[in-house]
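Below is one structure, written out as structure tokens; the observations come after it.
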Amino acid sequence: MLKKELIHELSRVLAGGRVSTKEPMSLHTTFKTGGAVDVFAEPSSVEELKRALELLKGERFYLIGNGSNLLVSDKGLRGVAVHLAKGFGDIRVEGTTLICGAAATLSQIARAALDHSLTGFEFAAGIPGSLGGAIVMNAGAYDGEMRQVVKSVTLIDYQGGIVQKGVEEMRFGYRHSLLKEADWIVLEAKLVLQKGDASKIREKMDDLAARRRAKQPLEYPSAGSTFKRPEGYFAAKLIQDAGLRGFCVGGAQVSDKHCGFVINRENATSADIYALIREVQRKVKECSGVTLETEVICLGEFDE
Ligand SMILES: Cc1cc2nc3c(=O)[nH]c(=O)nc-3n(C[C@H](O)[C@H](O)[C@H](O)COP(=O)(O)OP(=O)(O)OC[C@H]3O[C@@H](n4cnc5c(N)ncnc54)[C@H](O)[C@@H]3O)c2cc1C
Numbered sequence: 118m119l120k121k122e123l124i125h126e127l128s129r130v131l132a133g134g135r136v137s138t139k140e141p142m143s144l145h146t147t148f149k150t151g152g153a154v155d156v157f158a159e160p161s162s163v164e165e166l167k168r169a170l171e172l173l174k175g176e177r178f179y180l181i182g183n184g185s186n187l188l189v190s191d192k193g194l195r196g197v198a199v200h201l202a203k204g205f206g207d208i209r210v211e212g213t214t215l216i217c218g219a220a221a222t223l224s225q226i227a228r229a230a231l232d233h234s235l236t237g238f239e240f241a242a243g244i245p246g247s248l249g250g251a252i253v254m255n256a257g258a259y260d261g262e263m264r265q266v267v268k269s270v271t272l273i274d275y276q277g278g279i280v281q282k283g284v285e286e287m288r289f290g291y292r293h294s295l296l297k298e299a300d301w302i303v304l305e306a307k308l309v310l311q312k313g314d315a316s317k318i319r320e321k322m323d324d325l326a327a328r329r330r331a332k333q334p335l336e337y338p339s340a341g342s343t344f345k346r347p348e349g350y351f352a353a354k355l356i357q358d359a360g361l362r363g364f365c366v367g368g369a370q371v372s373d374k375h376c377g378f379v380i381n382r383e384n385a386t387s388a389d390i391y392a393l394i395r396e397v398q399r400k401v402k403e404c405s406g407v408t409l410e411t412e413v414i415c416l417g418e419f420d421e
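Following the working numbering, the numbering of the sequence shown begins with 118 at its first residue and continues without gaps.
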């Protein structure tokens, strides 16, 4: 547990934000599972974030976006969860460029794009992440991905140094970016879209949303596709072929609507979800020889 003085100091420097102790991470993950983090800290400005980073030197901390790609242990997290919130969510539109804070959600950005008749971001409207998390993951759907729209990203390192990186420096790949390799925090990004027709943009967003509703178990808590797409295969098909459609561990289930989604069907714990993921990986390997890697990021301790 962090020293009381450090928590006190954090509360002092994050005067415009929020600091709480023993915050349940189930409140901050779309799986709606996960134990308590020692300290949950929400800086409200870059200045506050810098001062928090200064205090947290040598301490364990985790960046949390919308928690839509995270599985947090039931034992919780030792250290500090840093969540960028108020003050990091601005969206400014200048011509065809959107300058967006890391906490802006993809649906808010999509809405702003629609309001300004800008096309190219429709693919992301239904991804329930923040801009920060989407850049880390190079989130994508329906033939679109973040790397196609990002022009540059403003990052802060753990020493408080701020740099701007162009898209070519971001090392974007399939669910991959530079941020998976190095300790940076996304503060802001510039996205470039094209002038379009508002009614066509809306139509495309509505169509993609309908396709999601038809195919994905959006009625249950999940973290979207649990596994990455293995080269040359589809994770959902491999899982189905392994006879795992609807397979359950405790309250966790391989969705029978979409086998690529592990869902929190009924009061699942993170341990249920983790055990289910491991079993799916084992059976798929046994049946097809293919190794399924998780797209979901596991934080904290899990029993093997
Ligand atoms: C129903 C559903 C549907 C989904 N559909 C899709 C889809 O179609 N395509 C897709 O790609 N994903 C999809 N996802 C997964 C998820 O929404 C994306 O991966 C999203 O980009 C994660 O963003 P987040 O803000 O929730 O990040 P989190 O899950 O909170 O974090 C993800 C990673 O980013 C890091 N991070 C977060 N913010 C920052 C920051 N500011 N600076 C540095 N690091 C940061 C975290 O430390 C973590 O490593 C879906 C999820 C759900 C629940």
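By construction, the Cβ of each residue, glycine as well, lies at the ideal position given by its N, Cα and C atoms. In this text, all values refer to a predicted model and were calculated from it rather than measured experimentally.
Residue i: CB within 8 Å of a non-hydrogen atom of ligand 1
i, result
"Leu-310", "no"
"Gln-281", "no"
"Ala-299", "no"
"Glu-165", "no"
"Pro-245", "yes"
"Tyr-350", "no"
"Glu-412", "yes"
"Arg-177", "no"
Residue i: first and last residue of the uninterrupted beta strand (DSSP E) it sits in
i, result
"Ile-414", "414-416"
"Lys-282", "279-283"
"Lys-307", "301-309"
"Asp-179", "In the sequence on display, residue 179 carries Tyr and not Asp. Unbroken beta strand (DSSP E) run through Tyr-179: 178-181."
"Ile-244", "Here Ile-244 belongs to no beta strand (DSSP E), and DSSP marks it neither H nor E."
"Ala-198", "194-200"
N- and C-terminal bounds of the alpha helix (DSSP H) containing residue i
i, result
"Ile-425", "Absent from the structure is residue 425, since the part of the chain shown begins at 118 and ends at 421."
"Lys-402", "387-405"
"Val-422", "Because residue 422 is not part of the residues shown, which for the chain are 118 to 421, the question remains open."
"Ser-143", "That residue, Ser-143, is in no alpha helix (DSSP H); it is neither H nor E in DSSP."
"Asp-232", "223-232"
"Glu-164", "163-172"
Local conformation of residue i per DSSP, three classes
i, result
"Arg-319", "helix"
"Ala-369", "strand"
"Arg-362", "coil"
"Arg-382", "coil"
"Lys-268", "strand"
"Asp-155", "strand"
"Phe-238", "coil"
"Asp-324", "helix"
Identity of the residue in the options nearest residue i by Cα
i, options, result
"Tyr-275", "Gly-175, Ser-190, Asn-381 and Gly-406", "Gly-175"
"Thr-213", "Ala-221, Ala-227, His-200 and Ala-202", "Ala-227"
"Leu-172", "Ser-269, Ser-137, Ser-128 and Cys-217", "Ser-128"
"Val-266", "Leu-272, Glu-418, Val-303 and Ile-216", "Ile-216"
"Val-371", "Gln-398, Arg-346, Gly-349 and Thr-147", "Gln-398"
"Cys-404", "Leu-355, Gly-349 and Leu-194", "Leu-355"
"Pro-160", "Val-189, Lys-192 and Val-199", "Val-199"
"Arg-319", "Ser-247, Val-197, Ala-242 and Arg-195", "Ala-242"
"Gly-134", "Ala-158, Ser-224, Glu-412 and Cys-415", "Ala-158"
"Lys-297", "Ile-244, Gly-193 and Gly-250", "Gly-250"
"Thr-411", "Trp-301, Met-254, Asp-155 and Ser-143", "Met-254"
"Asp-373", "Phe-240, Gly-193, Gln-333 and Glu-164", "Gln-333"
"Lys-192", "Ala-353, Thr-408, Leu-166 and Val-154", "Val-154"
"Gly-151", "Gly-257, Asn-384, Ser-162 and Ala-230", "Asn-384"
"Leu-166", "Gly-204, Ser-190, Ser-143 and Thr-138", "Gly-204"
"Leu-231", "Gly-218, Phe-351 and Lys-321", "Lys-321"
Any non-hydrogen atom of ligand 2 closer than 8 Å to residue i Cβ
i, result
"Val-401", "Here the bound small molecules are ligand 1; ligand 2 is not part of this structure."
Chain D contact for residue i (CB, 9 Å cutoff)
i, result
"Asp-373", "The chain inventory of the structure shown lacks chain D, comprising one protein chain alone."
Taking 8 Å as the cut-off, does the region 335-343 touch the region 184-200 (at least 3 CB pairs, one atom from each stretch)?
yes
I'd like to know if the region 295-313 and the region 225-239 are in contact, where contact means that at least 3 CB-CB pairs between them fall below 8 Å.
yes
Taking 8 Å as the threshold, find out whether the region 357-376 comes into contact with the region 300-307 through three or more Cβ pairs.
no
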